[in-house]
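**Q** Take this structure, written in structure tokens, and hold onto it; I'll ask about it next.
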Amino acid sequence: MAEMSSYQLGANARKQSRLMMAMFIFSVALIATVIAALASVRLPSETMNQSAQVIVDWYLFGWVATGVATVIVLTSVWKMLSMGGDGVKVAQSLGATDVNDETNDPLITRYKNIVEEVALGASMPAPHIFVLENEPGINAFAAGSSPDKAAIAVTRGALKILTRDELAAVVAHEFAHIRNLDMRLNLRVIGLIHGLMALYVLGRILMHSGGRGGKNGGAQLALIGIALILLGLLGAFMGKVMQAAISRQREYLADADATRFTSDPDSLAGALKKIGSLSQKDANATVHDELEEARHMMFAELSNKMSGLLSTHPPLVKRIQALDPSFDPEIQGWPTVEINEST
Amino acid sequence: MEWVLLAIVGLLILYVIIEYNKLVRHRNIFQNAFKQIDVMLKQRHDMIPQLVNTVKGYAKHEQETLTGVIEARNQAEKMRGQIDSGDATSMLALGQAEGLLGKAMGGIFALSEAYPDLKADGAFRDLMEQLTSIENKVAASRRGYNNTVLEYNNVLETFPTNILANMFSFTRASELDFDDREAIQNVPKVEF
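Here the protein sequences come in this chain order: A and B.
Going by full-length UniProt numbering, the first sequence opens with residue 1, and the numbers climb by one from there.
Going by full-length UniProt numbering, the second sequence opens with residue 1, and the numbers climb by one from there.
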């Protein structure tokens, strides 16, 4: 039955990304209309208020609406392109070390073997592999917008602390992100948030120039500026909430798929429990600051202070309980973590 | 009246062609999946002499275990050489041979517990890692193969395709199971 519900989740996720694109188009259209209306509607001047008719300059309306929509879409696309669908570049920019040609480190050899095994289990090509050196905590990420441009990175801590099977489970989770095209979806959301932030910047420019401009036209410009700022900020915030909600859903889906690739839910639960016990001691924070930008891509939430609407991962205990329903940290406690230096 | 009959015959022929191609496609898929297992099994077999050589240096008195592994390996390699993918008897023979080999290798892994020097040997540890990896790859490709066999059999045995399959002598394919069958069936189910 696990299979069924996992497929259902997959269908839900696809529906979700279509819904998101629809919402994006809708909000771009809405924002463009509101701003164009603000720009083109002239309230009747006071001298002739008897014929109180609103005059709409349709020509201006069309131009402003097209302009606003173009700014949002272009900024989104630019951000998406500059973020890159190329997983290797993303991994490098996040400070990960390429270990594809490393042969002397037994931990790396094991990691490489595991990636090949999971690739077979998932019927996918093996991605480019990276290690986040100097990271004592357990974490991992996948990057790249399609399976053939994908990269996977795990922390040195994950290589040291996790057992072979647990590391395989974490790698399988990242494979699931790649196969479900989660990075592509995330790229779109980030692009969208950037497009909306562009409105905010535009609004500030208009407000300043409006303040200096002529009496009537200036006031209208400032008004449009304020509207842009508000809509931009509100939109970006909504975008972040949406991004976090989608990301949380995707984490559950990736956990479910990972257990299908490896047929081993216990090891995934084991890896999550070890993360839990490290977090209890505040020992699972990351050292690389660049990773903050990629926190939605990480295997485990970067800081456990983040919660509620904006957290990108489901609560750790809930993720574990989905795999091991009997788990309760209040009763069993978190497992002790031994760091195995030699193997 | 005639064109109605002609249309029905035409549709029937079209249906036969489509179903026939579907059968061929599924047969190719599972045969291809078997080739992948075959590659993995060959790698597994090729590593065993190396393993035995490494162990020999540390565990001279375990000649029996080592010969057992070599024999099981040779038997499995022989089965692998004459395999007919999907055929029930040859799948069963290969499964048994590989199962025996797995057990014999388990004996070697157990030896490493009794000989700490062996366990600490870097070359032995590298070999163990490679063997573990191969075992996992064999398991993964075997799962993949068994899934494709299931799909093929489903197409083959569903009415009315089963009539066509009979006519063109497509035969039921067999899954590949090692003796660790129980372990695989006992995988816990998870609800999400």
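Glycine included, each C-beta is placed from N, C-alpha and C at the ideal position.
All values reported here derive from a predicted model rather than from experimental measurement.
(1) Within its chain, find whatever has a CB closer than 6 Å to the CB of A2 (chain A); leave out the 5 residues flanking it on each side and keep chain order.
(2) When burial is assigned at 16 or more other CB atoms within 10 Å of the CB, is A114 (chain B) buried or exposed?
(3) Using the Cβ count rule (16 or more neighbours within 10 Å means buried), how would you classify M167 (chain B)?
(4) Does DSSP put I152 (chain A) in a helix, in a strand, or in coil?
(5) Do G86 (chain B) and S169 (chain B) have their C-beta atoms within less than 8 Å of each other?
(6) Just confirm the distance between the C-beta atoms of N139 (chain A) and F299 (chain A), as a whole number of angstroms; I'd bet it's less than 8 Å.
(7) What are the boundary residues of the beta strand (DSSP E) that A142 (chain A) is part of?
(8) Can you give the Cα-Cα distance for V99 (chain A) and Y111 (chain A), rounded to whole angstroms?
(9) Could you check whether the Cβ of T312 (chain A) sits closer than 8 Å to any Cβ belonging to chain B?
(10) Going by beta carbon distance, what residues of the same chain come within less than 6 Å of I152 (chain A), once the five residues before and after it are set aside?
(11) Which residues does DSSP pair with L132 (chain A) in a beta bridge?
(12) Beta-carbon of S123 (chain A) versus every beta-carbon of chain B: anything under 8 Å?
(13) Pull up the CB-CB distance for E161 (chain A) and K274 (chain A), whole angstroms please, since I reckon it's below 8 Å.
(14) With DSSP run on the structure shown, which of helix, strand or coil describes I17 (chain B)?
(15) Under the rule that 16 or more other beta-carbon atoms within 10 Å means buried, what is R319 (chain A), buried or exposed?
(16) Nearest to F34 (chain B) by CA position, among B:E71, B:N162, B:G144 and B:E64, is which residue?
(17) Quick one: is A169 (chain A) buried, meaning 16 or more other Cβ sit within 10 Å of its Cβ, or exposed?
(18) Are the CB atoms of M21 (chain A) and L187 (chain A) nearer to each other than 8 Å?
(19) Are there 16 or more other CB atoms within 10 angstroms of the CB of F159 (chain B), so buried, or fewer, so exposed?
(20) Please confirm whether V94 (chain B) and L176 (chain B) have their CB atoms less than 8 Å apart.
(21) Report yes or no: is there a C-beta of chain A within less than 8 Å of the C-beta of G102 (chain B)?
(22) Helix, strand or coil: which one does DSSP assign to T97 (chain A)?
(23) Exposed or buried, which one is S133 (chain B) when buried takes at least 16 other CB atoms within 10 Å?
(24) Could you tell me whether any Cβ in chain A is nearer than 8 Å to the Cβ of T148 (chain B)?
(25) Does V56 (chain A) come out as helix, strand or coil in the three-state DSSP assignment?
(26) Applying the 10 Å Cβ sphere with the 16-neighbour rule, what's the burial state of E135 (chain A)?
(27) Taking A168 (chain A) as part of the alpha helix (DSSP H), name the residues at either end of that continuous run.
(28) Taking only beta-carbon atoms, is G144 (chain B) less than 8 Å away from chain D?
(29) If contact means a Cβ-Cβ distance below 9 Å, which residues of the stretch 150-167 of chain A contact chain B?
(30) Check the C-beta distance from V64 (chain A) over to I114 (chain A) and give it rounded, since I have them as a contact under 8 Å.
(31) How big is the Cα-Cα spacing for G107 (chain B) and L100 (chain B)?
(32) With 8 Å set as the bound, which would you pick, yes or no: does the beta-carbon of E116 (chain A) sit closer than that to a beta-carbon of chain B?
(33) From the DSSP output, in three-state form, read off V337 (chain A) for me.
(34) Check the Cβ-Cβ distances between R188 (chain A) and every residue of chain B, and say whether any is below 8 Å.
(35) Using only the alpha-carbon positions, how far apart do G62 (chain A) and G225 (chain A) sit?
(36) Around the C-beta of T161 (chain B), are 16 or more other C-beta atoms found within 10 angstroms, so that it is buried, or is it exposed?
**A** So, from the listed chains and residues:
(1) Because the pLDDT of A2 (chain A) is 41, which lies under 50, any placement of that residue in the model is unreliable, and the number read from its coordinates should be weighed accordingly. Closer than 6 Å at the Cβ level, and outside the excluded window around A2 (chain A), lies no residue.
(2) So A114 (chain B) ends up on the exposed side.
(3) exposed
(4) Three-state result, I152 (chain A): strand.
(5) no
(6) 5 Å
(7) A140 to A143
(8) Taking the straight line joining both Cα atoms gives about 10 Å.
(9) no
(10) P127, I129, A142 and E174
(11) A:T155
(12) yes
(13) The sequence given here has Ile at residue 161 (chain A), not Glu. Correct: roughly 6 Å between the Cβ atoms.
(14) Per DSSP, reduced to three states, the secondary structure at I17 (chain B) is helical.
(15) buried
(16) B:G144
(17) Residue burial annotation: A169 (chain A) is buried, with at least 16 other C-beta atoms found within 10 angstroms of its C-beta.
(18) no
(19) exposed
(20) A small correction: the amino acid at residue 94 (chain B) is Leu; Val does not occupy that position in the sequence shown. Yes; because the gap between Cβ atoms is below 8 Å, this pair is in contact.
(21) Using a CB distance cut-off of 8 Å, G102 (chain B) does not count as an interface residue toward chain A.
(22) strand
(23) Buried, because 16 or more other Cβ atoms sit within 10 Å of the Cβ of S133 (chain B).
(24) no
(25) strand
(26) Classified as buried, E135 (chain A) has 16 or more neighbouring CB atoms from the shown chains inside 10 Å of its CB.
(27) R164 to R179
(28) The chain inventory of the structure shown lacks chain D, comprising the protein chains A and B.
(29) R164
(30) Between I114 (chain A) and V64 (chain A) the Cβ distance is about 55 Å, and since that is not below 8 Å, they are no contact.
(31) 11 Å
(32) yes
(33) Correct three-state label for V337 (chain A): coil.
(34) False, the Cβ-Cβ gap to chain B never drops below 8 Å.
(35) 18 Å
(36) buried
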